[in-house]
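Notes to accompany the following structure.
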Amino acid sequence: MKKKQTGIRDLARALNVSPSTVSKALNGVTQIKPQTRRAVEEMAKRMNYQPNQIAQNLRNNKTNILGVIVPNLISHFFAATISGIQDVAAAHGYNVIICQSNESFQKEEKLIQTLIASRVDGLLMSLSRETESFDHIQSIFAKRIPLVLFDRVCNEVTASKVTVDDHDGAFNATEHLIEKGYSRIAHISGPEHLSISKSRLAGYVDAHLKHSLEIDEVLIRHTNMLGDEVATQTQALLDLPNPPDAIFSINDLVATQVMSVIKSRGLRIPDDIALIGFTNIPEATLLEPSLTTVAQPAYELGEISATHILKQIQAPEDFKPQEIVLKTKLIARESTSLRKLQSIL
Numbered sequence: 001m002k003k004k005q006t007g008i009r010d011l012a013r014a015l016n017v018s019p020s021t022v023s024k025a026l027n028g029v030t031q032i033k034p035q036t037r038r039a040v041e042e043m044a045k046r047m048n049y050q051p052n053q054i055a056q057n058l059r060n061n062k063t064n065i066l067g068v069i070v071p072n073l074i075s076h077f078f079a080a081t082i083s084g085i086q087d088v089a090a091a092h093g094y095n096v097i098i099c100q101s102n103e104s105f106q107k108e109e110k111l112i113q114t115l116i117a118s119r120v121d122g123l124l125m126s127l128s129r130e131t132e133s134f135d136h137i138q139s140i141f142a143k144r145i146p147l148v149l150f151d152r153v154c155n156e157v158t159a160s161k162v163t164v165d166d167h168d169g170a171f172n173a174t175e176h177l178i179e180k181g182y183s184r185i186a187h188i189s190g191p192e193h194l195s196i197s198k199s200r201l202a203g204y205v206d207a208h209l210k211h212s213l214e215i216d217e218v219l220i221r222h223t224n225m226l227g228d229e230v231a232t233q234t235q236a237l238l239d240l241p242n243p244p245d246a247i248f249s250i251n252d253l254v255a256t257q258v259m260s261v262i263k264s265r266g267l268r269i270p271d272d273i274a275l276i277g278f279t280n281i282p283e284a285t286l287l288e289p290s291l292t293t294v295a296q297p298a299y300e301l302g303e304i305s306a307t308h309i310l311k312q313i314q315a316p317e318d319f320k321p322q323e324i325v326l327k328t329k330l331i332a333r334e335s336t337s338l339r340k341l342q343s344i345l
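FYI, in this note's numbering the residues of the sequence shown are 1 to 345.
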C-alpha cells in the first residue's frame, strides 16, 4: 500500500498549530515568530514533508518551464545551443521542453500552440527553413508569453534576438580566400528568405567589393541545404566553362556535401579548388582535408538567450527588446592554401 504523503495539515496537527501558520512559516512570511518557523522547519524535515510544486506553480500562475523550438536536434550547433540554455535554466530552477520543427513551418506552428497549452513561462525559438510568414508568432504575444529568437531570426517580429555576426563571419571567410590568392569564389547559400542566408551572402559580397573583385551572379547558388540539391548545385558550378577556384558554403554540413562532390570529380582540395564552411562542427577536423571554417559560439548563444528570457519573465514591466550579436572566429585548416606562394614555387 502506497504511503500517504505528508501535507501541511499533518504538520499542523503534529505541532498543534493552524495550517495557515505552517504555510506562512514554510513560505517565509515575516510575521511568523522565528521560534515557530524553526519548529515548523524541523518538523517538516522529520516528517519528510515535500511541497507540492505543481500546486504552488498554479497558485503563482507559473510552471518554471521554458519551451525551446529548434529546426533540428542533429546539428551540433543547435545541440550546443540547447546545452547552454539548459544549464542557465537549471541554475535558476527551470526545466526545459525541447522541440524540433524538422525545418517545417507547419510543425513549427503546431509546436507553438502545444507549448502555449503547456503553460510555459517563456519560449525560445530558431525559425525553420520554411518559415516566411510570422503571424503564428503573434499568438505567443497574445498570451503574454516572453519570447527570445536566436540564430535564425526575422525583422518582422519585435522580440529580443540573439545571433552571431553572420555578416562578419562570411566577410572574413571570403577575405581569407581572397588573401590566399583565390579570385573566382562561389557561394553555396541557403533559402533566400532565411536571415542567415541574407547576412552571409552580404558578407561574401562586401568582401568582393572591398578587394575590387567582380561579383559573378552565376557563382551564387541558393539551396535548401539538403544533400541532393547541394550536390546538384555543386555539379553545376564545376561544369561551368569558367568554374570557381574556391567555394564558400553556408555551413559545415553543406561543405561536407560539397567536398564529397568535388572528390567524386577527381579534383583535389585545395590544389584544384579550395573549400570553406561555417559553424566549426567537431567533424571538421576529421575530414580529409580538414575543413577551414568559421566558428560560432553556440553554447554562449544558448546561455545568453536563456538569460534574456529569464529577465523578461522576472521583470516583464522592464522589458525592452534587445539585439545581441556575438563574434565569430575564422579557423584556418587544410582545405584552403596559399596559392600565391604555390604559384611562385
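Note that the Cβ used here is the ideal one computed from N, Cα and C, for glycine as well.
Would you report the Cα separation of residue i and residue j, rounded to the nearest angstrom?
{"i": "T285", "j": "Y94", "result": "35 Å"}
{"i": "F150", "j": "I304", "result": "10 Å"}
{"i": "E175", "j": "I85", "result": "33 Å"}
{"i": "H68", "j": "C99", "result": "Sequence check: residue 68 is Val here, not His. In a straight line, the C-alpha of V68 is about 6 Å away from that of C99."}
{"i": "L201", "j": "A170", "result": "7 Å"}
{"i": "A246", "j": "I137", "result": "39 Å"}
{"i": "L177", "j": "L237", "result": "17 Å"}
{"i": "D166", "j": "S126", "result": "15 Å"}
{"i": "S264", "j": "A255", "result": "14 Å"}
{"i": "L213", "j": "I250", "result": "20 Å"}
{"i": "E283", "j": "S75", "result": "11 Å"}
{"i": "I344", "j": "P244", "result": "At I344 the pLDDT is 40, less than 50, meaning the model places this residue with poor confidence; the figure from the coordinates comes in the next sentence. Roughly 21 Å separates the two Cα atoms."}
{"i": "H193", "j": "L115", "result": "26 Å"}
{"i": "K210", "j": "A89", "result": "43 Å"}
{"i": "T21", "j": "T6", "result": "16 Å"}
{"i": "I140", "j": "I97", "result": "16 Å"}
{"i": "L147", "j": "T63", "result": "16 Å"}
{"i": "N224", "j": "P321", "result": "30 Å"}
{"i": "L341", "j": "E229", "result": "Low confidence applies here, because L341 scores a pLDDT of 47, under 50, leaving its location unreliable and the question unanswered by this model."}
{"i": "P186", "j": "V157", "result": "Looking at the sequence shown, residue 186 is not Pro but Ala. Cα to Cα, the separation comes out at about 32 Å."}
{"i": "Q31", "j": "K45", "result": "22 Å"}
{"i": "M1", "j": "A91", "result": "The predicted model places M1 with a pLDDT of 43, which falls under 50 and marks its position as unreliable; any figure quoted below should be read in that light. So the alpha carbons of these two residues sit roughly 36 Å apart."}
{"i": "I8", "j": "K33", "result": "18 Å"}
{"i": "E103", "j": "I281", "result": "19 Å"}
{"i": "P19", "j": "E317", "result": "34 Å"}
{"i": "P71", "j": "Y182", "result": "34 Å"}
{"i": "A12", "j": "V325", "result": "54 Å"}
{"i": "H208", "j": "A159", "result": "33 Å"}
{"i": "K107", "j": "S335", "result": "37 Å"}
{"i": "F278", "j": "K24", "result": "55 Å"}
{"i": "A79", "j": "G302", "result": "10 Å"}
{"i": "A112", "j": "A142", "result": "The amino acid occupying residue 112 in the given sequence is Ile; Ala does not appear at that position. Roughly 12 Å between the two C-alpha positions."}
Is there a C-beta anywhere in chain D that falls below 8 Å from the one on residue i?
{"i": "G227", "result": "Of the protein chains in the structure, only one exists, and it is not chain D."}
What residues match up with residue i in a beta bridge as DSSP calls it?
{"i": "H222", "result": "S189"}
{"i": "F78", "result": "F78 is not bridged to any residue."}
{"i": "E323", "result": "K161"}
{"i": "K249", "result": "Reading off the sequence, residue 249 comes out as Ser, not Lys. Bridge partners of S249: I188."}
{"i": "K329", "result": "A295"}
Determine the DSSP secondary structure at residue i, reduced to helix, strand or coil.
{"i": "L123", "result": "strand"}
{"i": "V68", "result": "strand"}
{"i": "S343", "result": "Note that S343 has pLDDT 46, beneath the 50 cutoff, so the model's placement of it is unreliable and no number is given."}
{"i": "K62", "result": "coil"}
{"i": "A14", "result": "helix"}
{"i": "V29", "result": "coil"}
{"i": "P51", "result": "coil"}
{"i": "T36", "result": "helix"}
{"i": "K45", "result": "helix"}
{"i": "S337", "result": "coil"}
{"i": "L73", "result": "coil"}
Original post:
What are the uninterrupted segments assigned as beta strand (DSSP E) that are 3 or more residues long and contained completely in the stretch 261–320, given in chain order?
Top reply: Here the runs fully enclosed are 274–276 and 293–295.
**OP:** Give, in chain order, every unbroken run of the beta strand (DSSP E) that is at least 3 residues long and sits entirely within the stretch 126–175.
**Re:** 147–150 and 160–164
Subject >> Validate contact between the stretch 326–338 and the stretch 280–299 using beta carbons, cut 8 Å, 3 pairs >> reply: Judged by Cβ distances under 8 Å, the stretch 326–338 makes contact with the stretch 280–299, as three or more pairs qualify.
**OP:** Entirely within the stretch 197–245 and at least 4 residues each: give me those alpha helix (DSSP H) ranges in chain order.
**Re:** 227–238
Original post:
Counting only runs that start and end within the stretch 92–121, where is the alpha helix (DSSP H) found for 4 or more residues in a row?
Top reply: 105–117
Original post:
With contact counted as at least three CB pairs below 8 Å, one residue from each stretch, are the stretch 272–283 and the stretch 34–54 in contact?
Top reply: Using a C-beta cut-off of 8 Å, the stretch 272–283 makes no contact with the stretch 34–54, since fewer than three inter-stretch Cβ pairs fall below that distance.
**OP:** Inspect the CB distances between the stretch 122–131 and the stretch 308–327 and report whether three or more fall short of 8 Å.
**Re:** Verdict: yes, contact present.
Original post:
Would you call the stretch 219–228 and the stretch 155–166 touching, i.e. three or more CB-CB distances under 8 Å?
Top reply: no
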